[in-house]
Amino acid sequence: MNDPRIDELMEFVRIPSVSAQSAHEPDMRTCAEWLLAKLRSIGLEARLEPTAGHPVVLAKTPRDPAKQTVLIYGHYDVQPPEPLELWTSPPFAPEIRDGRLYGRGASDNKGQILAHILGVGEALAEGPLPVNVIFLIEGEEEIGSNNLTTFLEKNRAELACDAIAISDTGMAAEGYPTLSYALRGIATMEVKVSGPSHDLHSGIYGGAVANPLTAAARLIASLHDSDGRIAIEGFYDDVKEMADWERTAAAESPLQERDIARQAGVSELAGESGYSAMERIGARPTAEINGFGGGYQGEGSKTVLPAEAFFKVSFRLVHNQKPDRILALAARHFEKNRPPGIRIEIVNGHGGEPFAFDPTSAQGLAARRALEETFGRPPALTREGGSIPILTDFQKILGHPALLLALASPDCRAHAPNESFPIANFLAGIRLNRALLRGLGAAGARPEKPMKS
Ligand code: BES
Ligand code: MN
């Protein structure tokens, strides 16, 4: 494939911009500078803005007050690539196989961001844009966007806009246009579990002293009841049932249970009873253990009663659930279920509120038309399980909900080895950008209020 646009994407993916790992700090800067040069090369005024963490890349067209302004958001940071040995081609040595570009960040979120930049570049080469455009590309999405709120507040005037567009969600089926109208929120914590003052001989003390690893396992198991519901008191207080049209949209989604099982590589699905898998992923909250450890991990056996253990848990939130309240309820739950002789210490991590907007609003309809124009069929409307923590701040600070126009393939393996982005989606993304800007520039696509959920 001899397309310079694809070469550019490979260049972008080659930069190991892993926000979570401090050793990659210089690469974060290199990546931000790469974007800066790219944005300037298509004729935008662009700069890097330092934050307390990784820099933000900001670019814009001159503001014509007669036109609507569209802010396009994305992130240039990527998840850690480990475990490296499971990649067919190395994570930062991108390779094209079977029409897909493989590499860390290809579909989360570099392919989409570059597609939007190239779409604007192509349009600018033909003449003035139908709207003013602002690109806001951050480097801390994968670590919770902690510094972006302050950035939005400080730059509120410069970032003033009429619509926000993001392509960082997944298509319901391969090549199937999809507008995601809701994302789950997130709240994370680490629980450190300790008991004896030092590791003990499990023969000399076992039977008389509480084992922190067993205690951690019990605390983990206490999170769910036998119906797969979360057993934390008050956890569901702010959760609502889906509206009828949402259940219909979920039932009609081209993504169905067998696809989810196939993509996940499991023989059957699991979870809370009474809801379809699509509903459980999009509209129900969850508690997931993301890490669990302690004790002897080496070869052979070692009869030890470890002094400490830990586990990491993340909650996905829906409707009106607030991260801080959920973390407080969870802390109370763990304290209540703490076995005698065991101490726990809880360290809260990052959080983000759930997001939803009305896909029948004027902007929602404009986004749906752009998707239909690009892909030749009306888009699926989905609630998605992932989180983009800054979305509610966009709403609060800039006053607009984000239009979530999916470009990632359902098989993209985001956050996992062998992440990939179909070249067809990359090229469609460039067309989608142009259709969207035309649609939002046309009369009628006026700013909208968020959906009352
Ligand atoms: N692109 C995802 C968000 C996403 C994934 C939306 C799947 C819809 C479907 C984003 O880059 C991401 O991974 N977000 C993190 C946020 C967290 C680290 C605060 C997530 O959802 O785990
Ligand atoms: Mn991600």
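Position one of the sequence shown corresponds to residue 210 (our numbering), numbered consecutively onward. The beta carbon of each residue, even a glycine, is placed where N, CA and C say it ideally should be. Remember, it's a predicted structure, so these values are computed and weren't measured experimentally.
Looking at the backbone, the Cα of Ser-523 and that of Glu-442 are separated by about 17 Å. Judged by DSSP secondary structure, Asn-341 falls outside any alpha helix (DSSP H) and instead within the beta strand (DSSP E) spanning 341-347. Membership of Arg-552 in the beta strand (DSSP E) is indicated by the continuous run 552-561.
The beta carbon of Arg-214 sits closer than 7 Å to the beta carbons of Leu-327 from its chain, once the five residues preceding and following it are set aside; these are given in chain order. DSSP, read as helix, strand or coil, puts Arg-525 in strand.
Scanning the segment 421-464 from its first residue to its last, the whole alpha helix (DSSP H) runs of 4-plus residues come out as 421-430 and 453-461. Contact between the segment 360-372 and the segment 540-557 is not established, with fewer than three Cβ pairs separated by less than 8 Å.
For Ser-596, the Cβ falls inside the 7 Å cut-off from some heavy atom of the ligand BES. Taking 7 Å as the cut-off, the C-beta of Gln-604 does not count as close to any heavy atom of the ligand MN.
Across the structure, His-284 and Val-556 are spaced so that their CA atoms are roughly 26 Å apart.
In the DSSP annotation of this structure, the continuous segment of the alpha helix (DSSP H) that includes Val-222 starts and ends at 213-223. Ranking Ser-482, Pro-264, Arg-577 and Thr-495 by CA distance to the CA of Leu-388 puts Arg-577 first. Looking at the DSSP output, Thr-397 sits in a beta bridge with Ser-523. For the options Leu-607, Glu-362 and Arg-622, the alpha carbon positioned closest to that of Thr-260 is the one of Glu-362.
Bridge pairing for Thr-387: Ala-589 [DSSP].
Taking C-beta atoms under 8 Å as the contact rule, Glu-628 and Arg-238 fail to qualify, at a distance of about 23 Å. In the structure shown, Lys-545 falls within a helical segment according to DSSP collapsed to helix, strand and coil. Between Gln-288 and His-624, the gap from beta carbon to beta carbon is short of 8 Å. For His-325, the uninterrupted alpha helix (DSSP H) run begins and ends at 320-335, by DSSP. Across the structure, Leu-218 and Glu-477 are spaced so that their CA atoms are roughly 36 Å apart. Excluding residues up to 5 positions away in sequence, Ser-228, Asp-286 and Gln-288 lie with their Cβ nearer than 6 Å to the Cβ of Glu-351 in the same chain. The beta carbon of Gly-561 sits closer than 7 Å to at least one heavy atom of the ligand BES.
With contacts defined as CB atoms closer than 8 Å, Pro-568 and Leu-590 qualify as a contacting pair. At a threshold of 7 Å, His-263 does not count as near the ligand MN, since its beta carbon sits no closer than that to any of the ligand's heavy atoms. Exclusion of Gln-465 from the 7 Å shell around the ligand MN follows from its C-beta lying no nearer than that to any non-hydrogen atom of the ligand. Per DSSP, His-609 has no beta-bridge partner at all. Of the residues Glu-258, His-325, Ala-382 and His-233, the one whose Cα lies closest to the Cα of Ala-459 is Ala-382. Here the alpha carbons of Arg-586 and Leu-649 stand approximately 19 Å from one another. Bounds of the beta strand (DSSP E) holding Phe-630 are 629-631. Nearest Cα to Ile-395 within the set Tyr-282, Val-527, Asp-212 and Gly-480: Val-527. For Gly-595, the closest alpha carbon among the candidates Lys-276, His-433 and Ala-617 is that of Ala-617. Summarising the contact set, residues whose Cβ lies nearer than 6 Å to any heavy atom of the ligand MN are, in chain order, Gln-288, Asp-317, Glu-351, Ala-623 and His-624. Shown here, Glu-508 sits in coil according to DSSP, grouped into three states, outside any helix or strand. Within 7 Å of the C-beta of Leu-345 there is not a single heavy atom belonging to the ligand BES. In this structure, Glu-593 has its beta carbon less than 7 Å from a heavy atom of the ligand BES. Assigned with DSSP and collapsed to three states, Thr-278 falls in strand.
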